[in-house]
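So our numbering is basically just the index in the sequence shown, starting at one, shifted up by 419.
This report refers to the structure that appears directly beneath it.
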Amino acid sequence: MENVTEITVPAEYQGKPVVSVDGYFFGLMRSLKKIATAENSKYLKSVDGVLYSSNMTELLSVPADYDKSVTVFRVPESVTTIHSYAFSNNRNIEEIILSDGITTIPEYAFTECSSLKKVFLPDSVKKICENAFSYCGA
């Protein structure tokens, strides 16, 4: 999986709708630049190569080798949930600005983000889980 640069999440797998994908799966693809979704996906949406729930309230995964020109990532205001491993192994993002309404930073959300220097937490964050920022930082 080291050389995968783009992946498309199907709308269905084995006849069942794909409603979510574990971010850990994408974090293993260290060359991944873009996550796309099938056009007929009812539950997932890709915006600029980042995977969200279709209603944009959940951020599921930012590719490990996401756009090198983007060093500051602003989580859309509609997002209220970040999934575990959502940013795992990202090596390009230096700053992350979280949207107001996010209450929990789940475990391993930002694990192994080697260039991460700053995370702006809104007042709405009440809990930061163990290992949320493990092996981070420049």
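Don't be surprised by glycine CBs; every beta carbon is placed ideally from N, CA and C.
How would you label C548, buried or exposed, when you count the other beta carbons within 10 angstroms and need 16 or more for buried?
exposed
Sorted by chain position, which residues of the same chain lie with C-beta nearer than 8 Å to I473's C-beta, five sequence neighbours on each side aside?
Ile is not the amino acid found at residue 473; the sequence shown has Ser there. These residues qualify, in order along the chain: S460, K461, Y462, L463 and K464.
Write down every uninterrupted run of the alpha helix (DSSP H) in the stretch 421 to 446 whose length is 4 residues or greater and which is fully enclosed by it, in chain order.
Correct list: 442 to 446.
If you measure between the beta carbons of V437 and A430, is that distance less than 9 Å?
Yes, the Cβ-Cβ distance between V437 and A430 is below 9 Å.
State the DSSP-derived secondary structure class of I521, mapped to helix, strand or coil.
The answer is coil: DSSP assigns I521 none of H, G, I, E or B.
By Cβ distance below 8 Å, which residues in the same chain neighbour T490 in space, the five residues on each side in sequence not counted?
N511, I512, E513, E514 and S534
Of all the options L478, P482, D486 and K487, which has the alpha carbon lying nearest to the alpha carbon of T523?
Distances from the alpha-carbon of T523 to those of L478, P482, D486 and K487 put L478 closest.
Going straight from the alpha carbon of Y504 to that of L470, what length do you get?
12 Å
Among residues of its own chain, excluding the 5 on either side of D467, which ones have a beta-carbon nearer than 8 Å to its beta-carbon?
D486
Is the Cβ-Cβ distance between C555 and E531 less than 9 Å?
yes
Going by Cα to Cα distance, which pick from D519, F529 and S497 is closest to F445?
F529
Compare the Cα-Cα distances from S543 to each of E421, Q433, T499 and T456 and report the closest residue.
T499
CB-CB under 6 Å to A457, same chain, minus the five flanking residues each way: which ones, in chain order?
P429 and A430
Within the same chain, show all residues whose beta-carbon is closer than 8 Å to that of Y443, passing over the 5 residues directly before and after it, in chain order.
S503, Y504, S507 and Y527
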